[in-house]
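Enquirer: Below you'll find the structure I mean.
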DNA sequence: AATCGGATGATAATTACTACCAAGTAATCG
DNA sequence: CGATTACTTGGTAGTAATTATCATCCGATT
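Residue numbers (my numbering), protein chains in the order written: chain S, 604 to 786; chain U, 604 to 786.
Here it is as structure tokens:
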């Protein structure tokens, strides 16, 4: 299986292109182009660290000393909504435990966060053949398949639910549909 | 690619077996077998929901009204450490953002939580050919490859760092090596 | 330039989780 | 079986990440 770390040069070129189109994309998404948003997307695109909100905050603060941490959180969330950023995992809200310790993967409903086990023996085989990627030593892996569960698929397009931290995975449904499908 | 939801019958049988071996495995792991731990692993194995600590707490409370939520959090963590449970994602501490919205995957250092982008075009192809899994409608996917980064690989075996919530992903290193390699 | 709706900053509130410590109890040994 | 001891637990305070609230501000449109 082809499988390689993305190199720095390519990432930088990509970031430059994305930044150039940013204002245009904001308008298309119905968002105002503010200095804060520009600074935040610039910081995000400049980083290869997959940063947390507070790291972006520290970076942006150097040029915008008055920016609020809340703005950074809000903006990153907004960027995800218009598809200008993504979260590394959609399950960052709280720890979800699994009693099944046999290697397997998960389908996750992007609306209600329902999770079901999936077996993909071939994927396990392919990855366990791989001892390292770049200079990282591989230990294991876990595939998150983003999907709509049968209950949520019927409900039409997401009515942007508010992001009460962990408000819904308990029982209810939550939105922020993040389509990561390949292109 | 073979790819299917794990069915309920199989899961139940697996859970029964695991539960039977639990006491033995605890002792092997140097842990006391307490009623609380038994109740928690039983609740976890009985659930197909990939529950959060609070859901386990609500279940266990019916039989152990005095159990503490802190115990549930601690115990689930402990179970992961001795390999009797796993977390659905190891990145649940806090949101990590990515400016790269082109479909790709991630290598994550299990010690310091460093993340790097990985491209696996074949995986994208295989999954985008798949429109549904069971009754879930597939939108996209994200593979988490668990690994040791070059810096952490040299440092020998993990000295169990304390779990200060988000204490290390900023810069430092954190442990809880969770080997999910196939078998 | 006037208007207006969305955006921001400051801060309070919420949530998930961990730290701490006194008291309880499982495992070991006699 | 009972004493010993170290590991566990419960209760609770504390911490960190994130969201809510709301007055003020400012980008976009006219």
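Note that beta-carbon positions come from the ideal geometry of N, C-alpha and C, so glycine has one too.
Please read these numbers as outputs of a predicted model, since none were measured by experiment.
1. Check this for me: beta carbons of residue 755 (chain S) and residue 712 (chain S), under 8 Å apart or not?
2. Residue 758 (chain U) versus chain S: which residues are under 8 Å apart at the beta carbon?
3. Measuring only between beta-carbons, confirm whether residue 746 (chain U) sits less than 8 Å from chain S.
4. Taking a Cβ distance cut-off of 8 Å, strictly less, list which residues of the stretch 619-630 of chain S are near chain U, in chain order.
5. What first and last residue would you give for the alpha helix (DSSP H) that runs through residue 715 (chain U)?
6. DSSP state of residue 614 (chain S), grouped into three classes?
7. Determine the contact status of residue 749 (chain S) and residue 744 (chain U), defining contact as a CB-CB distance below 8 Å.
8. Cα separation between residue 633 (chain S) and residue 624 (chain S)?
9. Going straight from the alpha carbon of residue 626 (chain U) to that of residue 687 (chain U), what length do you get?
10. For residue 718 (chain S) and residue 681 (chain U), what's the separation of their Cα atoms in angstroms?
11. If you draw a straight line from the alpha carbon of residue 753 (chain S) to that of residue 714 (chain S), how long is it in whole angstroms?
12. Quick check on residue 718 (chain U) - is its C-beta less than 8 Å from some C-beta in chain S?
13. With contact counted as at least three CB pairs below 8 Å, one residue from each stretch, are the stretch 635-644 of chain S and the stretch 663-670 of chain S in contact?
14. Per DSSP, residue 701 (chain S) is paired with what?
15. Near residue 723 (chain S), which residues of its chain fall below 6 Å by C-beta distance, leaving aside the five closest residues on each side in sequence?
16. Could you check whether the Cβ of residue 753 (chain S) sits closer than 8 Å to any Cβ belonging to chain U?
17. For the stretch 672-704 of chain U, enumerate the residues whose C-beta is nearer than 9 Å to any C-beta of chain S, in chain order.
18. What residue range is occupied by the uninterrupted alpha helix (DSSP H) comprising residue 675 (chain S)?
19. Would you say residue 663 (chain U) lies against chain S (beta-carbon separation less than 8 Å)?
20. Please tell me whether residue 721 (chain S) and residue 733 (chain S) are closer than 8 Å, where the distance is taken between their beta carbons.
21. Tell me, please, whether the CB atom of residue 611 (chain U) is closer than 8 Å to any CB atom in chain S?
22. For a test of the three-state rule: what should DSSP assign to residue 720 (chain S), helix, strand or coil?
23. Are any of the Cβ atoms in chain U nearer than 8 Å to that of residue 617 (chain S)?
24. If you reduce the DSSP assignment to three classes, tell me which class residue 650 (chain U) lands in.
25. Taking only the alpha-carbon atoms, compute the straight-line gap between residue 701 (chain S) and residue 653 (chain U) and give it to the nearest angstrom.
26. Using beta-carbon positions only, say whether residue 685 (chain S) and residue 675 (chain S) come within less than 8 Å of one another.
Expert: Considering the structure as presented:
1. The residue given as residue 755 (chain S) occupies position 152 in the first chain. The residue given as residue 712 (chain S) occupies position 109 in the first chain. Contact flag set, yes.
2. Position 155 of the second chain, counting from 1, holds the residue named residue 758 (chain U). None at all; the shortest Cβ gap to chain S is about 12 Å.
3. For this step, residue 746 (chain U) is matched to residue 143 along the second chain. Judged by the 8 Å Cβ criterion, residue 746 (chain U) is in contact with chain S.
4. 621
5. Within the second chain, residue 715 (chain U) is the residue found at index 112, counting from 1. Element bounds for residue 715 (chain U): n/a, residue is neither H nor E.
6. Here the question's residue 614 (chain S) lines up with position 11 in the first chain. Here residue 614 (chain S) sits in helix by DSSP.
7. In the first chain, counting from the first residue as 1, residue 749 (chain S) sits at position 146. In the second chain, counting from the first residue as 1, residue 744 (chain U) sits at position 141. Cβ distance < 8 Å, so residue 749 (chain S) and residue 744 (chain U) count as in contact.
8. Numbered from its first residue, the first chain carries residue 633 (chain S) at position 30. Numbered from its first residue, the first chain carries residue 624 (chain S) at position 21. Near 14 Å, if we compare the C-alpha coordinates of residue 624 (chain S) and residue 633 (chain S).
9. Counted from its first residue, the second chain places residue 626 (chain U) at position 23. Counted from its first residue, the second chain places residue 687 (chain U) at position 84. Answer to the nearest angstrom: the Cα atoms are 11 Å apart.
10. Within the first chain, the letter at position 115 stands for residue 718 (chain S). Within the second chain, the letter at position 78 stands for residue 681 (chain U). Cα to Cα, the separation comes out at about 22 Å.
11. The sequence position of residue 753 (chain S) within the first chain is 150, counting from 1. The sequence position of residue 714 (chain S) within the first chain is 111, counting from 1. The straight-line gap from Cα to Cα measures roughly 11 Å.
12. One-based indexing of the second chain puts residue 718 (chain U) at position 115. Chain S contact via Cβ: present.
13. yes
14. Counting from one through the first chain, the residue named residue 701 (chain S) turns up at place 98. DSSP output for residue 701 (chain S) lists U:689 as bridge partner(s).
15. Position 120 of the first chain holds residue 723 (chain S). Answer for residue 723 (chain S): 708, listed in chain order.
16. Position 150 of the first chain holds residue 753 (chain S). Yes, its Cβ sits closer than 8 Å to a Cβ of chain U.
17. 676, 679, 680, 682, 683, 686, 687, 688, 689, 690, 691, 692, 693, 694, 695, 696, 697, 698, 699, 700, 701, 702, 703 and 704
18. Residue 675 (chain S) sits at position 72 when you count from the first residue of the first chain. First-last of the alpha helix (DSSP H) with residue 675 (chain S): 672-684.
19. Start at 1 with the first residue of the second chain, and residue 663 (chain U) comes out as number 60. With 8 Å as the cut-off, residue 663 (chain U) does not count as an interface residue toward chain S.
20. Here residue 721 (chain S) is taken as the residue at index 118 of the first chain, counted from 1. Here residue 733 (chain S) is taken as the residue at index 130 of the first chain, counted from 1. Contact annotation: residue 721 (chain S) and residue 733 (chain S) have beta-carbon atoms that are not nearer than 8 Å.
21. Locating residue 611 (chain U) in the second chain gives position 8, counting from the first residue. Cβ-Cβ to chain S under 8 Å: no for residue 611 (chain U).
22. The count along the first chain starts at 1 and reaches residue 720 (chain S) at position 117. Strand, per DSSP.
23. Indexing the first chain from 1 puts residue 617 (chain S) at position 14. Taking Cβ atoms only, chain U reaches closer than 8 Å to residue 617 (chain S), which makes this a yes.
24. The residue you call residue 650 (chain U) lines up with position 47 of the second chain. DSSP places residue 650 (chain U) in coil when its eight states are reduced to three.
25. Here residue 701 (chain S) corresponds to residue number 98 of the first chain, with the count starting at 1. Here residue 653 (chain U) corresponds to residue number 50 of the second chain, with the count starting at 1. The C-alpha of residue 701 (chain S) lies about 5 Å from the C-alpha of residue 653 (chain U).
26. In the first chain, counting from the first residue as 1, residue 685 (chain S) sits at position 82. In the first chain, counting from the first residue as 1, residue 675 (chain S) sits at position 72. No, the pair does not count as a contact, with Cβ atoms beyond the cut-off.
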